[in-house]
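> Submitted below is the structure of interest, expressed as structure tokens.
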Amino acid sequence: MKERILGLDTGTNSVGWAVVDYNPEAPTDKYTLVDAGVNIFQEGVKIEKGTIEYSRAAERTGYRRQRIGYWRRKVRKIKLLKILIKHGLCPFVSDDALKNWRTKKEYPLSDEFVDWQRTDEAMNKNPYYYRNLCLSEKLDMDDVGNRYIVGRAIYHINQRRGFLSNRKEEAKESDGKVAKSISDINDEMETGGYEYLGQYFYSLYQRGERIRAKYTDRLEHYEKELLAICEKQGLGEELAKVLRKTIITQRPLKSQKHTVGRCVFEPNKTRCPISHPMYEQYRMYAFVNNIKIQTPIDSGSRHLTREEKDLIIPLFLRKSKKDFGFDEIAKKLSGTKNNFCYYKDKSEQPYRFNYHMDTRVSGCPVIAQLSDVFECKASDDSWLEAACEVYVMGGGKTRFQIMNDIWHALFFFEDKEHLFSFAKEKLQLDDEHAKMFSNIKVPSDYASLSLAAIRKILPYMKHYGLIYSHAVFLANMYKVVPCAIDKEALLPMLPKEDAEDIVEAFEEYDSQKSEIRTREEYVKRYVACKYQLDEEQERRLKVLYHPSQIDLFPKVRKPTEDGYFQLGSPRTSSVRNPMAMHSLFRMRHVINTLLKEGKINEFTSVRIELARELNDSNRRAAIRQWQNDNEKKNVENAKHIKEHFGESYVPTSVDLLKYKLWEEQNHLCLYTGETIRLGDLFDKNKYDIEHTIPRSVGGDSTATNLTVCQSRFNREVKKTCLPSELENYEAILERVEHWNEKYEQVDKQLRKLNTRGVADKELKDRIIQKRHRLALERDYWQGKYSRFIMKEVPEGFSRRQGADAGLISKYARLYLKSLFRNVSIVKGLATSDFRKIWGLQDKNEQKRRENHCHHAIDAVTIACIGRAEYDQLAQYYHDEERHRWGMNSCNGMFPKPWQTFTEDVKSLADRILVSHYTADNMSKRTKKHIRKNGKVMPQFMQGDTARGPLHLDTFYGAIERDGEIKYVVRKSLDQVLPKDEEKFINKIVDEKVKEKVKSAKDEYGSLKKAVAAGIWMNRDKGIKINKVRIYCEDVKHPIEIRIHRDISRKKYKQYVNVKNEVNYMMAIYVGKDKRGKEKRSFELVNNYDAVAYHNSDLKVQGIRLFQEYKDGYPLKWQLKTGSMVLLYEETPEEIYELPKSALTNRLYRVAGMSSMIVSGCHYGTIALVHHQEARPSSEVKLKNGAYRCTEDFRAGIKLYHTQFKALVQNQDFTINEIGEIKFLHR
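Residues 1 to 1226 in UniProt numbering are what the sequence shown lists, from first letter to last.
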């Protein structure tokens, strides 16, 4: 019976697909190719300079955060001005003027108000003087001038109000430069005898020292100074309170509760913060119950007794240690030092444990701090008992509810004052203990489980001592069988005897082979028999938790109205990986199109390979670093080889691999022990590259499975044996022991790296990347060593090696299984091996990626790799090895999926039309909740947010030189690269400044050295040149985004100028002049103008973005970046009758649009890139000239608008996700 198979090759910006039919009963040609194609899209993240990546949302929200910051600062100033005006501390500004400033960005410009803010050095009129004066003298507040001085000092404090740490984030900044700067200022103030910050800053101002760029504390510095000014000048407590609220009080952070992921066991519940006391208990008991010990009197390892657990639990409840090493637990249990070890260590110690001694163990810091506040002994529950006795709102509440109340205060209160009040009023603590309570630090991370699930799991671990997996399975048992209510947990629990019986069932399954596939299914059957469950109760067994449960996707149960099935959304709260999500969404579009077109159905088998680049960004960074390190090693190795054999010798990839393995083996043959001379290393008759695990039994060809071996020994002795099967195995094992030592060394480094308590994101990312990088190195050495100690090759070893077991692979498989019954993940190594075996790629050739069609080639290969092919692969390698060693006369034979497989697959590029997806976000509008009186209403309003970059973020000034407007920008001298120094100096606008900079460069030899020494405009007056204005020759026609606040008399200086980043669309108009000759015109619209159009009422009125006519010529084409075009030479009729294979040379993608002036005439330019071209646009050379049917192939074409002749996507034809074209006007 034929089986239809879909092969998928998913990458960060591509989905290659292939549909084949498989007939296992056919004697030959078991596979038949039905169709194949490629869909290309943009990555889900923004990538700069090839490797630097960040979320597009993060970039957008970063700029949005700045705008919101400016807005809130302005609103705060307006609020303060209203207060100052009301109390006569500021010149009058009307409410309408303040409203216009707030809503229309029209700054109040009344003479009196502007003069109030103006500084004057000659008259000692500046805010630092005013602040010092208000702190030092009692002014006559009946005098209007003095009242304005006080108001100006307060207004200046509002402008510079200092740093305020969030209570829960204090640990993030405490060791950083912020705290150090604040501490340094405090020391300098104390040394100088200054009580307030304003006095200290005025002293700096008098000495001409820099005041700005210093971190200050809002409460310690500014609040103290503000209240001192209010008291000194007699402003009254009420006004001081209002001013403090306006200037000092921090706006609460926007709640992010909606972003918290869902529990894997209780999908309707959010995950529990790790600061919750109950979670800390859960984490502690999960670890403690998993510890195994072997003492001198034990015959084997066992779990800890109740007494041993009670002995070590106080280690978790220390306020001084948030985490600690496992060696402290071992020391406590063994009673002495240095008589314990990890159970796999070679050292003979009387106490052995199942954890490394340097394993970091998480403590219970919140419980420890609460125990300290309530002066309780080191116990996980004693603090709660004490709290229940004093909590004034505890009437009628359970212990759990009281615990929640106290934790909520710790977790949600933003400042210490409120927390201090809660401790005093609600917990009846004295000042000392209330202060201790308010100083409790709580981490802000989240667990993977909800509090509801933890409450059910914890009692089984705490009271019965069960390990995590058993406790999880029993947690929901009360929904299946009757259970008594536990007094402490207030939840139903199985009796201990019944729980132990079920645990025994788990152990029975582990000790015997069963026809039932999983332990959980085995135990469910045991429960059904033990409690004699009826059918309804047996159905309820599905509600039991599964220890390795992850989010599931809902099954697709019904077809659409048109009769075909469609995959649902792959979105899940458990995966926050924009690159992987974007790839899964595009894969969904491709599969749904295949379903719609009838090429596949719900019974189709799916085989998919997922790119490991779909991992999270930190793992991708670690992989890149690992690959870069290997590349550097190859360069160094090539250099060493040339030093020995001469510069004319060009090392091959095989030579480099041999040299790498030779270095790893300490220049020894691991099997014979002989020293390998470098001069003999590359002699094929002397030394082979051998497979540690022979490929005939499942070994691969990665460096992990390769060594350099003496040829005779490899061909005559080892052959297809495992190292453990050789007579001299013990000697071999000694020679690879250094690999095990390297593994243990790297593993030790890895265990020491943890991110607990690291709040700084950049530092946390660096640690995580280093962990991933070390994990790659550890796995490499472990893989090499483990192959030498392997006694037999496990079943399925070849299929598992290299398969991605990451989270994305699991979710992709589960997602596809929501519709398809048979889904399998194909490893990348297998795809590579089969490509070479089937003749799609030479054995020593690197995979070529210049053409997008390689994704379809991989997809076809993936579709043809099944269990039968894996089984045949072993025999093929067995025969090949025997032939290579002269034991077989013929080489290994591996049947191709069909006889002409290689030729057919290689010719795919001749007929595949690659579909490209480019999102057009300019016309999309956001929807926002309507707010009324600060409350969110259940209604939405249309937003006007731009969904893309409008322009570059540099502002340019305009000056006039010789009657011509030129654009300039201010640049810092220390940012100039050495290679650009001469060019930079020549661009300096001011001739005198240019001469000074040039002289300094000549004097010191380079601009960098001159800047370090100091470039002076006037040394006597202390005028230093740090920044200069330079001409920007590439800015000719900037976008004028708005009018300056202070309008210049010169018209060309009135606007804020920016440079255009990208053009949105080009319109080409085609008509004839009076003589009947074809004439063309064009119009370009950039993103800025496109957004203005979509936000206006013009679209609603039916007015189009482009005019119907320009210069008397009608509109013919509208082009966007990413649009597909089919080129023709004379008329569109050339295209309509062409076969699909002929269209491949005519299909191009619009890569960019711009304009230029040639001989005084304006031309629109269009950059086109061939649809199969996979290189970045920057690497594709654009060749000029109109399209000709007989021309040689051009990967990139540059056309003037006068040369453009093509059918345009969505105007003349459509192309769907699988590359099928439909003409619209044929």
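Glycine included, each C-beta is placed from N, C-alpha and C at the ideal position. Nothing here was measured: the structure is a model prediction, and the numbers come from that model.
Can you find the residues in the same chain that come closer than 6 Å, C-beta to C-beta, to L6, ignoring five residues on each side of it along the sequence?
Around L6: V19, I600, T604 and V606.
> Please state whether DSSP places S110 in a helix, a strand or coil.
Residue state, collapsed to three classes: coil.
> Threshold first: 4 residues or longer. Then list the alpha helix (DSSP H) segments lying entirely within the stretch 553–634, N to C.
The qualifying runs are 578–596.
> Going by DSSP, what residues sit across from E3 in a beta bridge?
In DSSP, E3 forms a bridge with Y22.
> Using the C-alpha atoms, what's the distance from A179 back to Y215?
Cα to Cα, Y215 sits roughly 8 Å from A179.
> Tell me the DSSP secondary structure of K1198 in three-state form.
Correct three-state label for K1198: strand.
> Just the C-alpha distance for R1104 and A622, rounded to the nearest angstrom, thanks.
So the alpha carbons of these two residues sit roughly 49 Å apart.
> Can you have a look at S1177 and say buried or exposed, based on whether 16 or more other CB atoms are within 10 angstroms of its CB?
Exposed, by the Cβ-count rule.
> How long is the line joining the alpha carbons of M393 and E375, rounded to whole angstroms?
Each residue's alpha carbon lies about 21 Å from the other.
> Three Cβ pairs or more, each shorter than 8 Å: is that satisfied between the stretch 1061–1079 and the stretch 976–984?
Verdict: no, contact absent.
> With a cut-off of 8 Å, do at least 3 Cβ pairs link the stretch 277–287 to the stretch 354–368?
Counting Cβ pairs under 8 Å, three or more are found: they touch.
> Which of the three DSSP states is assigned to I149 in this structure?
I149: helix per DSSP, three-state reduction.
> Using only the alpha-carbon positions, how far apart do E389 and M493 sit?
Approximately 27 Å between the Cα atoms of the pair.
> Report the option in Y649, F682, G673 and E674 whose CA atom is closest to the CA atom of K660.
Measuring from the Cα of K660, the nearest candidate turns out to be F682.
> For H916, name the three-state secondary structure that DSSP assigns.
Three-state result, H916: strand.
> Would the stretch 225–237 and the stretch 134–152 be scored as touching if the rule is three or more Cβ pairs under 8 Å?
With the cut-off at 8 Å, the stretch 225–237 and the stretch 134–152 touch.
> Using the Cα positions of E690 and R624, report the straight-line distance between them to the nearest angstrom.
Taking the straight line joining both Cα atoms gives about 28 Å.
> Quick one: residues in its chain with C-beta nearer than 7 Å to the C-beta of T32, no 5 flanking neighbours on either side, listed in chain order?
If we look at T32 and ignore the five residues flanking it on each side, its Cβ neighbours are V20, D21 and W898.
> Going by DSSP, what residues sit across from G957 in a beta bridge?
V968, per the DSSP bridge assignment.
> Does R799 come out as helix, strand or coil in the three-state DSSP assignment?
The predicted model places R799 with a pLDDT of 46, which falls under 50 and marks its position as unreliable; any figure quoted below should be read in that light. Helix, per DSSP.
> Which same chain residues, not among the five before or five after T755, have their C-beta less than 7 Å away from its C-beta?
For T755, where only same-chain residues beyond five positions count, the Cβ hits under 7 Å are K764, I767 and I768.
> Give me the Cα-Cα distance between F287 and S371, rounded to the nearest whole angstrom.
Taking the straight line joining both Cα atoms gives about 21 Å.
> Helix, strand or coil for E1191, going by three-state DSSP, please let me know.
Correct three-state label for E1191: coil.
> By how many angstroms is the C-alpha of K82 removed from the C-alpha of Q1209?
Each residue's Cα considered, the two are about 57 Å apart.
> Need the endpoints of the alpha helix (DSSP H) that V1035 sits in, please.
Premise fails: V1035 is in no alpha helix (DSSP H) and is neither H nor E.
> Beta-carbon within less than 6 Å of G1219's beta-carbon, same chain only, minus the 5 sequence neighbours each way: which residues are those?
Correct list, in chain order: G37, L913 and S915.
> Near I211, which residues of its chain fall below 8 Å by C-beta distance, leaving aside the five closest residues on each side in sequence?
Contacts found: Y128, F201, L204 and Y205.
> Mind checking whether L311 and I367 have CB atoms under 8 Å apart?
No, they are not a contact pair.
> Apart from the five residues just before and just after G151, which ones in its own chain have a Cβ nearer than 7 Å to its Cβ?
Cβ within range, chain order: L84, L89 and C90.
> Compare the Cα-Cα distances from E730 to each of L657, G673, P578 and N714 and report the closest residue.
Residue G673 is the option with its Cα nearest to E730.
> Less than 6 Å between C-beta atoms, sequence neighbours within five positions excluded: which residues of the same chain meet that for M436?
Same-chain partners within the cutoff: V373.
> So what does DSSP say about M357, is it helix, strand or coil?
Note: M357 maps to coil in three-state DSSP.
> Fully enclosed by the stretch 237–301, which beta strand (DSSP E) runs are 3 residues long or longer?
Runs of the beta strand (DSSP E) inside the stretch 237–301: 292–294.
> Could you spell out the range, first to last residue, of the beta strand (DSSP E) harbouring L384?
Segment S382 to V390 is the alpha helix (DSSP H) holding L384; no beta strand (DSSP E) there.
> Looking only at C-alpha atoms, which of G193, E237, I247 and S438 sits nearest to V75?
Closest by alpha carbon: I247.
> Please tell me whether, using a cut-off of 7 Å, the distance from the CB of C263 to the nearest non-hydrogen atom of the ligand NAP is below it.
Looking for the ligand NAP in the displayed structure turns up nothing, as the structure carries no ligands at all.
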